[in-house]
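Protein chains in written order, with UniProt numbering: chain A, 1 to 656; chain B, 1 to 272; chain C, 1 to 335.
Here's the structure we're looking at; comments come further down.
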Amino acid sequence: MAKPLTRADGPQSVPALLQRNATQFANAPAYREKEYGIWQSWTWAETHDEVQALALGLMNLGVNEGDFVAVIGRNRPYLYWAMIAAEMVGAVPVPLYQDANAEEMAYVLGHCGARFVIVGDQEQVDKVIEVQEGLHQFEHLIYLDPRGLRKYDHTTLHQYSHVQDQGRAAYDEYIKELDRRIAKLDYDSTGVMLYTSGTTGKPKGVVLSNRNVIETAKSSSEFDGLRQTDDILAYLPMAWVGDFIFSVGQAMWTGFCTNCPESAETMHVDLREIGPTYYFAPPRVFETQLTNVMIRMEDASPFKKRLFDYFMAHARKVGPSILDGKPVGGWDRLKYQLGELCIYGPLKNTLGFSRVRVGYTAGEAIGPEIFDFYRSLGINLKQLYGQTEATVFITAQPDGEVRSDTVGVTCPGVELKIADNGEVFYRSPGVFVEYYKNAESTADTKDAEGWVATGDAGFIEEGSGHLRIIDRAKDVGQMADGSLFAPKYVENKLKFFPNILEVVVFGNGRDECTAFINIDLTAVGNWAERNNIGYASYQELARHPQVMDTIQSHVEEVNKSVAEDAMLSGCQVHRFVVLHKELDADDGELTRTRKVRRRIIEDKFHDIITALYDGSKSISTETEVTYEDGRKGSIKATLEVRDAKVVPVARKMAAE
Amino acid sequence: MNATAESYTTEDGRTIGPVVMEMKNITLRFGGVEAIKDISFDIREGEIRAIIGPNGAGKSSMLNVISGFYVPQEGEVWYKGSRRPSMRPYQVAEQGIARTFQNIALFEGMSVLDNVMTGRLTHMNTGLFAQSFWKGKAEQEEIANREVAEKIIDFLEIQAIRKTPVSRLSYGLKKRVELARALAAEPSILLLDEPMAGMNVEEKEDMSRFILDVNDEFGTTIALIEHDMGVVMDLSDRVVVMDYGKKIGDGTPDDVRNNQDVIDAYLGVAHD
Amino acid sequence: MPEQLAFTIEVFLNGLMAGVLYALVALGFVLIYKASGIFNYAQGVMALFAAMTLVGIQNGQVPFSHLINAILGTDVHHFGWHVHSAIAIVFTVAVMVLLAVCVQRFVFRHLVGQEPIILFMATIGLAYFLEGVADLMWGSEIKSLNVCATEGACLPQGLNMWIDETTYNAFGYGFFIDNLDIVASIVAIILVVGLVMFAQYTKQGRAMRAVADDHQAALSVGVSLNFIWILVWSLAGFVALVAGIMWGAKSGVQFSLSLIALKALPVLMLGGFTSIPGAIVGGLIIGVGEKLFEFLIGAPFLGGATENWFAYMLALLFLVFRPQGLFGEKIIERV
């Protein structure tokens, strides 16, 4: 079935790939979704019919070539089809983050001038209706789930299945025109437009051509030997480039099956049921899962726990080597097999990783312990480094060369160079066309020769050729004495402790570094429960003296390890506070992908930062918070400022 | 008020059907105490009907009369055009009247799905012998029932806890599961006994949305009891107000809000 | 194979068979207790009553013959026919269902909502009443019960011989297992599987589980408590009949049969009052435990007869260390 696919004059657009799959893999599963407790599935042939019906329906509603069609909702086959159908009719699909608030949504819809919006359910419909006043080009809204929408005015509101029905009815009228539009698509036509969440400023619309999408999908699929029989679980935001490339690009190229969970809450159960062979998750997800395993083992019977500890120790010793195909003694191998039977196998099954052949993590640095834990179980977890502007892939780790501290070697077709200030530049077939309606930013990011600035500082390791990323280029600063300030580097080291969820390190232009810390409520809460420590809220737990002591010991441990690296030893954390609230995307402190927004935090908590540097022992503060339903409130707290031990280093000028 | 047999359309465009249930001069005594004193009101098809009143006003007793848990000493219950004889609760349930309880009565030892499936009991027809000898039909019925249960699970967004034993759920979720079980019976009247009791603001909002959605999506007639006026006024089409076992008001939320007796009852004017 | 080990295995197997019987009686208790919270002291008497009714019908005995003769001055004892045991069993089941209806209609329906201790006292009354009725109906002499032999064998008679021979050839020691025990075990397994299937997959079974879990909730989903209680009393009556047949076939139908109820008590302590698998595992543990203990420790060191008290001692230990039994629901309630 999965015979090698050759490119020469192959399909030049995503719709063309769909047509190819509908003939070549007609009866193989293309999409699955769990609904009403059962996995529903569609073959490639059925998928083609569904997409075509929607495309015809869209033409019937008047979608023109060059229009923008926004797609908002959780991962569902219908919404993936919506994107493909949009491209079929010559329009540009624009997936949006479903948890974006009305304001963010209004900006994006207005910026691209979407005439059509296709959404999942009432919640999204309400949001779009709320902002439609300000959108001049917006015309039609199509929704998937009719629940709660019956009473709405349906003059410009349409049910997805009705649009498809009308499309099927108008088959004869539009099919010729549709075929003409599909035939017109080529490598240079736009495949998708994705808005970057943007750590600063307004989101930018990254235009990706079919060339970007298909070339990247092709080379990355070959890099990891993806097959037509693979299964992937699509659960990450559809607006994120990674999901588009995995669930649309690679899925279309290799013809594997995209599985959509029933809802965000059932994701772990669904993961176990599907048992994907190709899996991507940000470090946070792996971290949470590991934390859950550890919590459950704490509660297990002593016998089970001892068995677990024994075999996990053995797995850590030999597991990664076995996975990398390095020589391992016969006895160790046998013991590993026994462990597979008793512990690793059942554990992988519980986690849903039994069948994972290729697993990736990216986006943030992953803790070495976490990374090694999964690899020692025999899960081929690897790291990659990518960006929306690169259509994901810049570097990735080949099988057998996997380490937690690098992001791998350049992907096929990618060139790398490092600028004098340490910033990483790349050039590849995946390099984006432009930022939509933003020539200035395009020029800032991509030079005439096609080199794109990543905004990250890093270096290529001698010998192995692996890329190592230190931090965001703009965040790498200088301390008052001129030594290097790399906050992310320190933050990541701290975040590797399960008790710590989020860290923000300050120190640019100052004499010493300080930090804000968020504890991990699950891990610390569980610890508190086991030790009979009562707490009513996050805030109360966060200021418990024993919690503070634990965090302090973590900080001091990190200081020791930071001090070992001469270049970065100035980044040791001298003083810290445990924040009274969790940093939250709803309050604008994190991006939607949960990256720290430094400037906003510096501004919002300036009083606490002052306290960190003026030697005070505690600080009283009041902070505004936004509740889930959008209401605002404020919390008051008095925070204890702690001093942490640092390893003395001979002060010297940076670098030289 | 409109004639009892006619339908009418509300301001927000919903169609309210004819009267489906009528309570006529109900009096309920416990020993010498009169919990309900000569109360009459009706419930129309497709509406959300609230019974409100301060604690101890006799609201719960009223709901228990409707659901057959209490038998009133005087008065008549008319249901779908005919007088209902004295009935046991399970017979009332078989007639298509489902209910929830203020203190939650779930099958704690079963999973959520099992609880919802148990709500389908009145729709299971194949008897004991048919089930043992006529496997095909029983299986078909089981599948059909499971489908209804799953649609409701999906509707109330409790898919993630489908297989979880009920005893492990939070209070708010239990309330939702109880609603799911009542809905599984596809009732013609759904009785909710203080659906928002003991919930925080967010859970209350969720529950209100579900109640409205149920009414909207399935057209289910809902009668509910609440002592929290605010929630009820936004939710219901018509409201009966009770105080000390007596009916002191009946009408749209606006009517009731301006009713002097109601205002007095809620502001705690002394009774003489 | 060493002689001692072979003996031990044989004792173990025999214990298992005895355990099956304990399990059956305990099962009757669990059914009623789960569904209605009544601890049915009369379960043993029900087994006796069922067995006597069966024998009576089989032998064509005239019920209440003493009473009839005394009042009317007649002298009838037998109808003079013999009933095929299959038909007799059907009739007995009908009698047990009738009994269930009467018990529910005349006793427990009037006691709804009473304290457990009152319900328990009612079952003691019921036990003595039933014992009296059984005496009056069928007379008090010991009767032999034979379900199989009269109509030829239920099992090929050679089965235990076959086991004996095969094991002899294989291990050099032939195991002897009573034919009746084999039949009893098979019947018990079928009964338990049937009950579980019934509870899991039928409308009535689901309703039964609902009632067992929460009365109020069961009412609200349209379950008639009265019907379910009659159902569980009937089921318990049926289980009692099976237990009565087995015990009766082994040691004759006599009034001491009602005492097996006492043997079921320690089983319930072990297995928990609310768990069907608990009743079965508990029964097997007690059966095997008392036989092995007698064989390995009791007879050689304690002068024998430990079977009389072993089960109760074991139950006592369980009460101290795991009051909810092996599978029972946790007694400690979460706040």
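Note that the Cβ used here is the ideal one computed from N, Cα and C, for glycine as well.
Quick caveat, the model's predicted, so the values are computed rather than measured.
Can you find the residues in the same chain that come closer than 8 Å, C-beta to C-beta, to residue i, ignoring five residues on each side of it along the sequence?
| i | result |
| --- | --- |
| residue 425 of chain A | 416, 417, 418, 419, 451, 452, 453, 454 |
| residue 74 of chain B | 25, 26, 27, 38 |
Taking Cβ to Cβ, would you say residue i is nearer than 8 Å to residue j?
| i | j | result |
| --- | --- | --- |
| residue 220 of chain B | residue 47 of chain B | no |
| residue 538 of chain A | residue 602 of chain A | no |
| residue 233 of chain A | residue 210 of chain A | no |
| residue 121 of chain B | residue 115 of chain B | no |
| residue 85 of chain A | residue 58 of chain A | yes |
| residue 25 of chain C | residue 43 of chain C | yes |
| residue 467 of chain A | residue 395 of chain A | yes |
| residue 8 of chain C | residue 295 of chain C | yes |
| residue 238 of chain C | residue 121 of chain C | no |
| residue 152 of chain B | residue 197 of chain B | no |
| residue 83 of chain B | residue 76 of chain B | yes |
| residue 616 of chain A | residue 639 of chain A | no |
| residue 98 of chain A | residue 129 of chain A | no |
Any chance the CB of residue i is under 7 Å from a heavy atom of the ligand PLP?
| i | result |
| --- | --- |
| residue 272 of chain A | With respect to the ligand PLP, the structure offers nothing, as it holds no ligand at all. |
Please go through the same chain and pick out, in chain order, the residues whose beta-carbon is closer than 6 Å to the beta-carbon of residue i, but skip the five residues on each side of it.
| i | result |
| --- | --- |
| residue 192 of chain B | 100, 224 |
| residue 197 of chain A | 591, 592, 593 |
| residue 183 of chain B | 152 |
| residue 233 of chain B | 253 |
| residue 178 of chain B | 100, 104, 106 |
Residue i touches chain B at which residues, Cβ-Cβ below 9 Å?
| i | result |
| --- | --- |
| residue 629 of chain A | 201, 202, 205 |
| residue 441 of chain A | Neighbours of residue 441 of chain A on chain B: none; closest Cβ ~40 Å, over 9 Å. |
Which residues bound the alpha helix (DSSP H) around residue i?
| i | result |
| --- | --- |
| residue 52 of chain A | 44-61 |
| residue 194 of chain C | 179-201 |
| residue 236 of chain B | No alpha helix (DSSP H) contains residue 236 of chain B, which DSSP labels as neither H nor E. |
| residue 312 of chain C | 310-321 |
| residue 518 of chain A | Segment 513-519 is the beta strand (DSSP E) holding residue 518 of chain A; no alpha helix (DSSP H) there. |
| residue 78 of chain B | Segment 74-79 is the beta strand (DSSP E) holding residue 78 of chain B; no alpha helix (DSSP H) there. |
| residue 71 of chain B | Segment: none, residue 71 of chain B is in no alpha helix (DSSP H) and carries neither H nor E. |
Could you tell me which chain E residues have their CB closer than 7 Å to the CB of residue i, listed as they occur along the chain?
| i | result |
| --- | --- |
| residue 217 of chain C | Protein chains in the displayed structure are A, B and C, and chain E is not among them. |
Output, in chain order, the set of chain C residues within a Cβ distance shorter than 8 Å of residue i.
| i | result |
| --- | --- |
| residue 101 of chain B | 216, 217, 220 |
For residue i, I'd like the list of residues in its chain whose CB is within less than 7 Å of its CB, leaving aside the five on either flank, ordered along the chain.
| i | result |
| --- | --- |
| residue 642 of chain A | 548, 552, 575, 576 |
| residue 441 of chain A | 204, 435 |
| residue 283 of chain C | 19, 20, 22, 23, 26, 267 |
| residue 145 of chain B | 117, 120, 123, 124 |
| residue 293 of chain C | 306, 310 |
| residue 100 of chain C | 230, 233, 234, 237 |
State the start and end residues of the unbroken beta strand (DSSP E) segment that holds residue i.
| i | result |
| --- | --- |
| residue 620 of chain A | 618-626 |
| residue 638 of chain A | 632-640 |
| residue 248 of chain B | 246-251 |
Whole-angstrom Cβ separation of residue i and residue j, contact assumed at under 8 Å?
| i | j | result |
| --- | --- | --- |
| residue 194 of chain A | residue 388 of chain A | 6 Å |
| residue 272 of chain C | residue 278 of chain C | 4 Å |
| residue 148 of chain B | residue 108 of chain B | That pair is no contact at about 23 Å. |
| residue 255 of chain A | residue 217 of chain A | Not confirmed; about 11 Å, so no contact. |
| residue 363 of chain A | residue 381 of chain A | 14 Å between Cβ atoms; not a contact. |
| residue 55 of chain A | residue 191 of chain A | About 15 Å separates the two Cβ atoms, so there is no contact after all. |
| residue 484 of chain A | residue 554 of chain A | Residue 484 of chain A to residue 554 of chain A, Cβ: 23 Å. No contact. |
| residue 288 of chain A | residue 357 of chain A | With a Cβ gap of about 23 Å, residue 288 of chain A and residue 357 of chain A do not count as contacting. |
Note down, in chain order, every chain C residue with its Cβ under 7 Å from the Cβ of residue i.
| i | result |
| --- | --- |
| residue 124 of chain B | 203 |
| residue 119 of chain B | 221 |
| residue 90 of chain B | 219, 222, 223, 224 |
Which residues in chain B have a C-beta closer than 8 Å to the C-beta of residue i? List them in chain order.
| i | result |
| --- | --- |
| residue 213 of chain C | 107, 108, 109, 110 |
Show which residues of chain C have a CB atom less than 9 Å away from the CB atom of residue i.
| i | result |
| --- | --- |
| residue 181 of chain B | 217, 220, 221 |
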